[in-house]
Structure formats: C-alpha cells, structure tokens
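Enquirer: To start, I am sharing the structure in question, which I have written as structure tokens.
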Amino acid sequence: MTIQSVPAAAPALRRVSFDHPDARALNDRVQLEYAERYGDEGDVTPLDPTMFTPPQGLYLIAYDAAGTPLATGGWRGQDANDEGYADGDAELKRMYVTPEARGLGLARKILADLEADARAAGRTRMVLETGTKQPEAIALYLSSGYEPCAKLGLYRFEELSRCYAKQL
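Have a look at this one:
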C-alpha cells in the first residue's frame, strides 16, 4: 500500500478592514521591514481604514489553514490631485508577505485579486510607489505588467522612490 501525502490547503484570502487586528499586526511587521531596509521610521503615508472600504477600496489578508495571517495588500481610490494621481486611479498599498510565506505566490494572488476588484469598481489604472531597496517588489510588479510611471504620492520627490502603473 502506498501512502500519499495530502497537500496542505491553499491559503485563503479574506476581506478585512484596514484596522482589523491581523491587518494592524501585518502592518507593524512591514513597517519594521521598511525601517530596516531604509533606516527610517517606515512608510508615513497617512492611511485611514475608510480608504479601503468597498467600493472605494479593498483590503485583503491571506490566511493559512490554521488561521495564521501570511500576507496582505490593499487598494484605495485616487483621483487627480497635487500628488500626481489621475482620475480613476487605484493605489496599491501595504503589499506584504511574511518571510516564512515568501515564495508561495501569495503576493501575485493578492495583486491579481486587487486588480480585478479595482477594475470592477470602475478604476482604470492601478498605481503604486515602492523603493529601490525592495527589489523583490519591483520584480513582482514588472513581471505582472506594471511599467514605470511619473512619480506620485508622498514620496514622489525621494531619490529612492520608484512608481509603477498598469492599465486595468
């Protein structure tokens, strides 16, 4: 008799509020990583939980079968303003995968779901800001069809900032 291993259940994506305890915990982790990589206090972009409330936005967390939060990401609506956004933009925020869950395709899955949701909400372009000290993020975005764009957002004047966009 051959014993076959049963594959572990694929992580489940759940919609949560940006102020959900698991969202706050993952946000704290990503802020620590930003601080380590950039030698500062992390991303200080002002974010309010209501920015991620459908249909103006969405916040997702990937959980494993045991209920452990592994990855997160969200989008919030943007329209033309003095920070470089255009009407119909959806801005990607707080994409993060815990170190122990990297390589499982979670960021790519979250990104695809966020893009689909923003498109369904009538948004026409997904935009994001990342930094040169996050080469994994840049590689993900480029391999997902994002292209460099004019700088936007709070960090648009920073030398290490890189911005990308993708038509939805």
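Counting from 1, position 24 in the sequence shown corresponds to residue 24 in full-length UniProt numbering; the numbering is continuous, with no gaps. In this text, a Cβ means the ideal position worked out from N, Cα and C, and glycines have one as well.
Taking Cβ positions, are threonine 98 and leucine 168 nearer each other than 8 Å?
Expert: Start at 1 with the first residue of the sequence shown, and residue 98 comes out as number 98. Start at 1 with the first residue of the sequence shown, and residue 168 comes out as number 168. No. Outside cutoff.
Enquirer: Roughly how many angstroms lie between the CA atoms of glutamine 4 and cysteine 163, to the nearest whole one?
Expert: Reading the sequence shown from its first residue, position 4 is the one you call residue 4. Reading the sequence shown from its first residue, position 163 is the one you call residue 163. With a pLDDT of 46 at glutamine 4, under the threshold of 50, the modelled position of this residue cannot be trusted; read the value that follows with caution. Looking at the two C-alpha atoms, the distance is approximately 46 Å.
Enquirer: At which residues does the beta strand (DSSP E) containing alanine 112 begin and terminate?
Expert: On the sequence shown, residue 112 is found 112 positions in, with the first residue counted as 1. Here alanine 112 belongs to no beta strand (DSSP E); instead the alpha helix (DSSP H) covers 106 to 120.
Enquirer: Taking the Cβ atom as the reference point for each residue, do tyrosine 63 and proline 55 lie within a distance shorter than 8 Å?
Expert: Counted from its first residue, the sequence shown places residue 63 at position 63. Counted from its first residue, the sequence shown places residue 55 at position 55. Not a contact, by the Cβ cut-off of 8 Å.
Enquirer: Is the beta carbon of leucine 128 less than 8 Å from the beta carbon of glycine 73?
Expert: Taking the sequence shown and counting its residues from 1, one reaches residue 128 at position 128. Taking the sequence shown and counting its residues from 1, one reaches residue 73 at position 73. No, these two residues do not count as a Cβ contact at 8 Å.
Enquirer: List in chain order: all unbroken beta strand (DSSP E) runs of 3+ residues lying wholly within the UniProt domain "N-acetyltransferase" (11 to 168).
Expert: Complete beta strand (DSSP E) runs here, min 3: 12 to 15, 57 to 63, 69 to 78, 89 to 97, 125 to 131 and 161 to 167.
Enquirer: Considering only their Cβ atoms, is the gap separating leucine 58 from arginine 14 smaller than 8 Å?
Expert: Position 14 of the sequence shown, counting from 1, holds the residue named residue 14. Position 58 of the sequence shown, counting from 1, holds the residue named residue 58. No.
Enquirer: Using a Cβ-Cβ cutoff of less than 7 Å, which residues in the same chain neighbour arginine 94 once the five nearest sequence positions on both sides are dropped?
Expert: Position 94 of the sequence shown, counting from 1, holds the residue named residue 94. Correct list, in chain order: Asn27, Val30, Thr72, Gly73 and Gly74.
Enquirer: Measuring alpha carbon to alpha carbon, tell me which residue in Asp87, Ala139 and Gly131 is nearest tyrosine 155.
Expert: Translated into the one-based positions of the sequence shown, residue 155 becomes position 155. That would be Gly131, whose Cα lies nearest to the Cα of tyrosine 155.
Enquirer: Arginine 37: which of Ser161, Ala165 and Leu60 sits nearest, CA to CA?
Expert: Sequence index remark: in the sequence shown, residue 37 carries index 37 (1-based). Checked all of Ser161, Ala165 and Leu60; the closest Cα to arginine 37 is Ser161.
Enquirer: Leaving aside the five residues before and after leucine 60 along the sequence, list all residues of the same chain whose C-beta is less than 8 Å from its C-beta, in chain order.
Expert: The residue given as residue 60 occupies position 60 in the sequence shown. Taken in chain order, the residues that qualify are Leu13, Arg14, Arg15, Val16, Thr72, Gly73, Gly74, Ile110, Asp113 and Leu114.
Enquirer: Could you tell me which of Gly105, Phe157 and Ala165 sits nearest to proline 11, measuring between CA atoms?
Expert: Indexing the sequence shown from 1 puts residue 11 at position 11. Nearest of Gly105, Phe157 and Ala165 to proline 11, Cα basis: Gly105.
Enquirer: Report, in whole angstroms, the separation of the C-beta atoms of leucine 140 and alanine 116, which I expect to be a contact under 8 Å.
Expert: The residue given as residue 140 occupies position 140 in the sequence shown. The residue given as residue 116 occupies position 116 in the sequence shown. Between alanine 116 and leucine 140 the Cβ distance is about 17 Å, and since that is not below 8 Å, they are no contact.
Enquirer: Would glycine 84 pass as an interface residue toward chain C - the criterion being a Cβ-Cβ separation below 8 Å?
Expert: In the displayed structure, chain C is absent; only one protein chain is listed.
Enquirer: Is it buried or exposed for alanine 165, if we count other Cβ within 10 angstroms and need 16 for buried?
Expert: In the sequence shown, residue 165 corresponds to position 165, counting from 1. Buried is the call here.
Enquirer: How many angstroms separate the CA atom of aspartate 19 from the CA atom of serine 143?
Expert: Along the sequence shown, read from residue 1 onward, the residue named residue 19 stands at position 19. Along the sequence shown, read from residue 1 onward, the residue named residue 143 stands at position 143. Each residue's Cα considered, the two are about 30 Å apart.
Enquirer: If you measure between the beta carbons of methionine 51 and leucine 92, is that distance less than 8 Å?
Expert: Here residue 51 is taken as the residue at index 51 of the sequence shown, counted from 1. Here residue 92 is taken as the residue at index 92 of the sequence shown, counted from 1. Contact flag unset, no.
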